[in-house]
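Here is the structure we will look at.
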Amino acid sequence: MNAIELHALTKRFGTFTAVDALTFSVPSGTIFGFLGPNGSGKSTCIRMLCGLLEPTSGSATVVGHDIVKDAEGVKRSIGYMNQAFSLYRDLTVDENLTFFAGVYGLRGERLKQRKSAVIELVGIQPYLDRRAGQLSGGWKQRLALAAALIHEPDLIFLDEPTAGIDPVARRELWDLLFDLASAGKTLFVTTHYMDEAERCNEIAYIYLSKLMVHGTPNELKALPEVTPEGTHRIAVATTRPPNALTILKKEPFTLDATLVEAEIHLLLPVDTEEAEVLTALKRAGVEDATIRPIEPSLEDVFVTLTRRLAKR
Amino acid sequence: MRAALYGFGSIVFKELLHIRRDPTTLIFALLVPMLQLILFGYAIDFDVRHIRTIVLDMDRSRESRDYIQSVINTQYLDVVAYATSPDQAAEAVRRNDERVALIIPPDFARRYGTDRPPTVQVLVDGSDSMVARPAEEAISRPAPPDSQSVEPRVNVLYNPQMRTQIYTIPGLVCVLLQLITVSLTSFSLVREREQGSLEQLMVSPVGRLGLILGKLVPYSVLAMFELVGILFLGRLIFDVHIAGSFLLLVALAVPFILAALSMGLFISTIAQNQAQAMQMTMLTTLPSILLSGYIAPRETLPAPLYLLSEIIPVTHFIQISRGIVVRGAGLMDLLPSVGWLLLLTVLLLAGATARFRKSIA
Numbered sequence: 122m123n124a125i126e127l128h129a130l131t132k133r134f135g136t137f138t139a140v141d142a143l144t145f146s147v148p149s150g151t152i153f154g155f156l157g158p159n160g161s162g163k164s165t166c167i168r169m170l171c172g173l174l175e176p177t178s179g180s181a182t183v184v185g186h187d188i189v190k191d192a193e194g195v196k197r198s199i200g201y202m203n204q205a206f207s208l209y210r211d212l213t214v215d216e217n218l219t220f221f222a223g224v225y226g227l228r229g230e231r232l233k234q235r236k237s238a239v240i241e242l243v244g245i246q247p248y249l250d251r252r253a254g255q256l257s258g259g260w261k262q263r264l265a266l267a268a269a270l271i272h273e274p275d276l277i278f279l280d281e282p283t284a285g286i287d288p289v290a291r292r293e294l295w296d297l298l299f300d301l302a303s304a305g306k307t308l309f310v311t312t313h314y315m316d317e318a319e320r321c322n323e324i325a326y327i328y329l330s331k332l333m334v335h336g337t338p339n340e341l342k343a344l345p346e347v348t349p350e351g352t353h354r355i356a357v358a359t360t361r362p363p364n365a366l367t368i369l370k371k372e373p374f375t376l377d378a379t380l381v382e383a384e385i386h387l388l389l390p391v392d393t394e395e396a397e398v399l400t401a402l403k404r405a406g407v408e409d410a411t412i413r414p415i416e417p418s419l420e421d422v423f424v425t426l427t428r429r430l431a432k433r
Numbered sequence: 472m473r474a475a476l477y478g479f480g481s482i483v484f485k486e487l488l489h490i491r492r493d494p495t496t497l498i499f500a501l502l503v504p505m506l507q508l509i510l511f512g513y514a515i516d517f518d519v520r521h522i523r524t525i526v527l528d529m530d531r532s533r534e535s536r537d538y539i540q541s542v543i544n545t546q547y548l549d550v551v552a553y554a555t556s557p558d559q560a561a562e563a564v565r566r567n568d569e570r571v572a573l574i575i576p577p578d579f580a581r582r583y584g585t586d587r588p589p590t591v592q593v594l595v596d597g598s599d600s601m602v603a604r605p606a607e608e609a610i611s612r613p614a615p616p617d618s619q620s621v622e623p624r625v626n627v628l629y630n631p632q633m634r635t636q637i638y639t640i641p642g643l644v645c646v647l648l649q650l651i652t653v654s655l656t657s658f659s660l661v662r663e664r665e666q667g668s669l670e671q672l673m674v675s676p677v678g679r680l681g682l683i684l685g686k687l688v689p690y691s692v693l694a695m696f697e698l699v700g701i702l703f704l705g706r707l708i709f710d711v712h713i714a715g716s717f718l719l720l721v722a723l724a725v726p727f728i729l730a731a732l733s734m735g736l737f738i739s740t741i742a743q744n745q746a747q748a749m750q751m752t753m754l755t756t757l758p759s760i761l762l763s764g765y766i767a768p769r770e771t772l773p774a775p776l777y778l779l780s781e782i783i784p785v786t787h788f789i790q791i792s793r794g795i796v797v798r799g800a801g802l803m804d805l806l807p808s809v810g811w812l813l814l815l816t817v818l819l820l821a822g823a824t825a826r827f828r829k830s831i832a
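Heads up: the sequence lines are chains A and B, in that order. So the first sequence is numbered by my numbering: it starts at 122 and just counts up by one. So the second sequence is numbered by my numbering: it starts at 472 and just counts up by one.
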């Protein structure tokens with residue numbers, strides 16, 4: 122069963138095509154990463170899938186509801202969590218949850234039961250009487266997640282849920298998302314963090330309004346376009362990585378070079394020996410370099426594919 | 472001193488850039504004072520002329536017709552209707568259809584020029600002292616050369632002492648009520664948009680009408696309390712008693728408050744941020760004060776502005792408020808004003824609901 126199916130979904134604003142014939146599906150119970158640069162059409166696509174915008178052409182179903190014919194059915198069966206905290210800052214945590222429960226038609230026992238369920242899930246019990254505006258960034262996002270889950274949706278849209286929160290809160294939020302996925306929920310997540318993309322079961326990458334690639338992280342890393350025939354990737358470790366990067370970028374054998382943590386990731390022709398690289402570095406005064414072969418990271422995947430398309 | 476001034480030029484430059492990037496704010500800031508000038512210049516004319524007058528001529532003689540003509544010639548009174556009975560003439564004044572009734576007795580011509588000059592009965596609506604005074608003067612010093620030959624008996628209805636408060640306070644109630652209702656609502660939707668909660672609501676099953684009416688109701692209740700409070704203070708401090716039914720006034724405030732709140736909502740679907748909402752609220756406040764008949768009688772307005780004043784909710788509520796408080800008017804007398812308010816509410820609500828769809832997309 123697919124939680125979301127898109128068939129040539131398209132949105133035009135005047136002459137500008139914001140979303141260009143997207144076709145893919147999101148299997149139920151997965152964490153689905155929806156990635157792409159800012160302005161690539163991600164938000165427009167999500168707004169259509171949430172029933173906020175009507176598509177210009179094409180169609181899509183969300184949890185079995187057609188997004189045009191049954192926008193109300195879509196709204197009832199999805200949760201939505203925005204990148205910017207968008208609950209009421211002047212209401213307490215408890216009041217916000219009660220309000221959103223009411224908006225989804227929860228009353229009486231059911232309301233109490235759902236509220237305590239989401240409160241326990243995100244662990245916001247100690248802050249129930251605090252104004253939402255006075256929570257820290259991480260707790261705000263937990264509250265937003267609790268509100269998005271209040272009506273027990275099967276599918277939750279998370280639009281950059283971890284933007285601007287600290288690493289610990291980010292990790293904790295992701296632990297929550299894993300719990301939700303293992304409970305059978307489908308999570309549709311947008312993010313710019315590559316480590317978060319690595320955690321997704323499947324990824325779709327949007328570039329210039331079009332679907333560029335779709336697959337599991339491993340499938341994407343194995344794409345021939347990412348490591349073209351006749352090339353290979355190595356990581357170069359030294360004590361002064363920025364200097365080494367500057368030196369290697371000038372070498373004729375370097376097809377692509379970038380700094381990842383303390384290493385330089387290099388894309389080289391297959392016939393370039395590791396010794397050539399080490400010699401080039403020594404010539405420029407970097408003596409302590411070591412080399413190991415590597416697989417491309419997701420960042421390599423997106424950077425390489427995006428550059429290829431931009432060159433055309 | 473140099474340290475304190477450091478960066479002055481850069482700040483000026485940056486502010487100019489801000490102004491250029493946000494032309495709406497600039498246009499409003501410059502437009503409002505110009506509008507003010509035009510409105511004050513045209514709308515406020517304390518020299519009230521052409522007061523609507525109904526005439527009952529029971530004599531139908533040449534003398535009576537000459538007399539009516541002489542009254543018209545003062546230019547203060549416009550004869551716009553003729554009555555067939557004294558009751559009908561008085562009724563027209565009570566309903567505020569006409570401001571002055573002139574009743575000429577059957578023996579007008581017979582007693583004209585004798586030493587028992589004819590008495591002409593004049594009913595003046597005193598609820599608006601700015602109209603009543605010139606009307607009274609125009610009748611008391613008519614132009615005919617043998618002016619001693621007619622004895623007008625002026626009867627000021629409803630505010631015989633022509634106390635200013637009796638006519639200002641019922642109007643002020645309306646203007647204040649409009650101020651708070653429009654500003655309360657115009658901010659509420661804009662605030663939701665600014666803090667992002669509007670989007671959160673739009674992905675939920677909340678209906679557009681559910682959202683808009685849900686926002687209207689609490690503010691309506693607040694506004695009703697405000698109305699009762701102002702009326703109570705008016706009585707306590709300024710001794711303004713309600714001649715008609717207090718309950719009727721409260722009941723007829725409902726369509727007015729709804730219209731004013733709908734106007735606020737309409738503004739909040741246009742304004743992009745709270746600063747713009749504030750400017751647009753100001754823009755509606757000025758005509759509400761100047762054109763509604765609150766300050767100067769609407770009779771003095773030039774025709775285009777008079778038409779404009781009809782689509783301002785407060786105009787009609789001032790009619791209702793002065794009608795009930797000063798003249799003791801009943802529901803039937805006020806139906807046209809109620810009709811206007813309901814019409815405006817429906818139009819503004821429809822506009823707000825329609826604009827709302829576009830404003831979230």
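Note that CB positions come from ideal geometry on N, CA and C, so glycine has one too.
Helix, strand or coil, according to DSSP, for residue i in the structure here?
{"i": "ASP596(B)", "result": "strand"}
{"i": "HIS272(A)", "result": "coil"}
{"i": "GLU622(B)", "result": "strand"}
{"i": "ALA832(B)", "result": "Below a pLDDT of 50, predicted positions are generally treated as unreliable, and ALA832(B), at 47, falls in that range; the measurement from the model is reported next regardless. Coil, per DSSP."}
{"i": "SER611(B)", "result": "helix"}
{"i": "GLU281(A)", "result": "coil"}
{"i": "THR352(A)", "result": "strand"}
{"i": "ARG228(A)", "result": "coil"}
{"i": "ALA181(A)", "result": "strand"}
Which residue wins for smallest C-alpha separation from residue i, given the options the options?
{"i": "GLU534(B)", "options": "VAL621(B), ASN544(B) and ILE637(B)", "result": "VAL621(B)"}
{"i": "LEU376(A)", "options": "HIS353(A), VAL357(A) and GLU397(A)", "result": "HIS353(A)"}
{"i": "THR434(A)", "options": "LEU173(A), PRO148(A), GLU350(A) and SER161(A)", "result": "Limits of chain A in this structure are 122 at one end and 433 at the other, which puts residue 434(A) out of reach."}
{"i": "ARG320(A)", "options": "TYR328(A), TYR326(A), VAL243(A) and PRO338(A)", "result": "PRO338(A)"}
{"i": "PRO676(B)", "options": "HIS186(A), GLY194(A) and VAL140(A)", "result": "GLY194(A)"}
{"i": "ARG566(B)", "options": "ARG826(B), ALA800(B) and LEU814(B)", "result": "ALA800(B)"}
{"i": "VAL625(B)", "options": "VAL644(B), GLN636(B) and ARG604(B)", "result": "ARG604(B)"}
{"i": "SER207(A)", "options": "GLY258(A), CYS166(A), ALA396(A) and LEU174(A)", "result": "GLY258(A)"}
{"i": "ALA383(A)", "options": "GLU394(A), ALA396(A) and ALA365(A)", "result": "ALA365(A)"}
{"i": "SER532(B)", "options": "GLY810(B), GLU607(B), SER759(B) and TYR583(B)", "result": "TYR583(B)"}
Hey, is residue i's beta-carbon within less than 8 Å of any beta-carbon in chain A?
{"i": "VAL688(B)", "result": "no"}
{"i": "GLN666(B)", "result": "yes"}
{"i": "GLN671(B)", "result": "yes"}
{"i": "VAL677(B)", "result": "yes"}
{"i": "VAL674(B)", "result": "yes"}
{"i": "ALA832(B)", "result": "Below a pLDDT of 50, predicted positions are generally treated as unreliable, and ALA832(B), at 47, falls in that range; the measurement from the model is reported next regardless. So, interface residue."}
Let's see if you can read the secondary structure: which residues bound the beta strand (DSSP E) around residue i?
{"i": "LEU332(A)", "result": "331-336"}
{"i": "PRO390(A)", "result": "384-390"}
{"i": "GLU126(A)", "result": "123-134"}
{"i": "VAL526(B)", "result": "522-528"}
{"i": "GLY154(A)", "result": "152-156"}
{"i": "THR784(B)", "result": "The sequence shown places Pro at residue 784(B), rather than the Thr named in the question. Run containing PRO784(B): none in the beta strand (DSSP E); it sits in the alpha helix (DSSP H), 784-793."}
For chain B, check one thing: does any of its Cβ atoms lie closer than 8 Å to the Cβ of residue i?
{"i": "CYS171(A)", "result": "yes"}
{"i": "LYS196(A)", "result": "yes"}
{"i": "SER164(A)", "result": "no"}
{"i": "LEU387(A)", "result": "no"}
{"i": "GLY285(A)", "result": "no"}
{"i": "VAL224(A)", "result": "yes"}
{"i": "ARG320(A)", "result": "no"}
{"i": "ASN203(A)", "result": "yes"}
State buried or exposed for residue i, treating a residue as buried only when at least 16 other CB atoms are found within 10 Å of its CB.
{"i": "LEU430(A)", "result": "exposed"}
{"i": "LEU812(B)", "result": "buried"}
{"i": "ALA500(B)", "result": "exposed"}
{"i": "SER385(A)", "result": "Before going further, note that residue 385(A) is Ile rather than Ser in the sequence given. Under this definition ILE385(A) is a buried residue."}
{"i": "SER780(B)", "result": "buried"}
{"i": "GLY351(A)", "result": "exposed"}
In the DSSP assignment, find the alpha helix (DSSP H) that holds residue i and state where it starts and stops.
{"i": "GLU216(A)", "result": "214-224"}
{"i": "ALA405(A)", "result": "Element bounds for ALA405(A): n/a, residue is neither H nor E."}
{"i": "PHE579(B)", "result": "579-582"}
{"i": "MET315(A)", "result": "315-319"}
{"i": "ILE245(A)", "result": "ILE245(A) -> no alpha helix (DSSP H), and no H or E assigned at all."}
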